[in-house]
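Trainee: Let me begin by handing over the structure; questions about it come next.
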Amino acid sequence: MALAAALEGQLQLREVSGIPLQASTVDNWSQIQNFEAKPDDLLICTYPKSGTTWIQEIVDMIEQNGDVEKCQRAIIQHRHPFIEWARPPQPSGVERANAMPSPRILRTHLPTQLLPPSFWENNCKELWG
Numbered sequence: 001m002a003l004a005a006a007l008e009g010q011l012q013l014r015e016v017s018g019i020p021l022q023a024s025t026v027d028n029w030s031q032i033q034n035f036e037a038k039p040d041d042l043l044i045c046t047y048p049k050s051g052t053t054w055i056q057e058i059v060d061m062i063e064q065n066g067d068v069e070k071c072q073r074a075i076i077q078h079r080h081p082f083i084e085w086a087r088p089p090q091p092s093g094v095e096r097a098n099a100m101p102s103p104r105i106l107r108t109h110l111p112t113q114l115l116p117p118s119f120w121e122n123n124c125k126e127l128w129g
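The numbers in the UniProt record's numbering rise by one with no breaks, and the one at position 14 of the sequence shown is 14.
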């Protein structure tokens, strides 16, 4: 019963600028919008269920010069966090990204108009899939 209640809370949607997002993401919105991107960040931007994991793994293989062992260093959520991820008590995507060394490979399903401004201000590389 407690699991059902917890899942129900995660599935609630609220809007940001007319875009429906999970309530937990909206609750963390100021942290997401104030995220400080670095000029050497690479942001993988995709629609949900459109090959995000494939793109991440290909980019990681390129970054690691094809070394499979290095690509298996951690689970994908730790290697390439979603910046909008927010599921307390787990660390948010922003917190995970802030703890990463540069260059960082990050990912998002946010539409262009909702991306943190620092990605544009710092001329970060973006890969759209």
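Even glycine gets a Cβ: it sits at the ideal position worked out from N, Cα and C. The structure presented is a predicted model; accordingly, all values stated were derived computationally and were not measured.
#1: Quick one: is L21 buried, meaning 16 or more other Cβ sit within 10 Å of its Cβ, or exposed?
#2: Output needed for W128: all residues of its chain with C-beta closer than 7 Å, excluding positions within five of it in sequence on either side, in chain order.
#3: Please report how far the alpha carbon of G64 lies from the alpha carbon of E84, in whole angstroms.
#4: What do you get for G93, buried or exposed, if any count of 16 or more other CB atoms within 10 angstroms of its CB means buried?
#5: Between the alpha carbons of S102 and R79, how many angstroms are there, rounded?
Mentor: In brief:
#1: As a position in the sequence shown, residue 21 is number 21, starting the count at 1. Buried is the call here.
#2: What you label residue 128 is simply residue 128 of the sequence shown in a count that begins at 1. C45, listed in sequence order.
#3: As a first step, residue 64 must be located in the sequence shown, where it is residue number 64. As a first step, residue 84 must be located in the sequence shown, where it is residue number 84. First, the residue type needs correcting, since residue 64 is Gln and not Gly in the sequence shown. C-alpha separation (whole angstroms): 25 Å.
#4: Stepping through the sequence shown from its first residue, residue 93 is reached at position 93. Buried.
#5: Against the sequence shown, residue 102 aligns to sequence position 102. Against the sequence shown, residue 79 aligns to sequence position 79. Roughly 12 Å between the two C-alpha positions.
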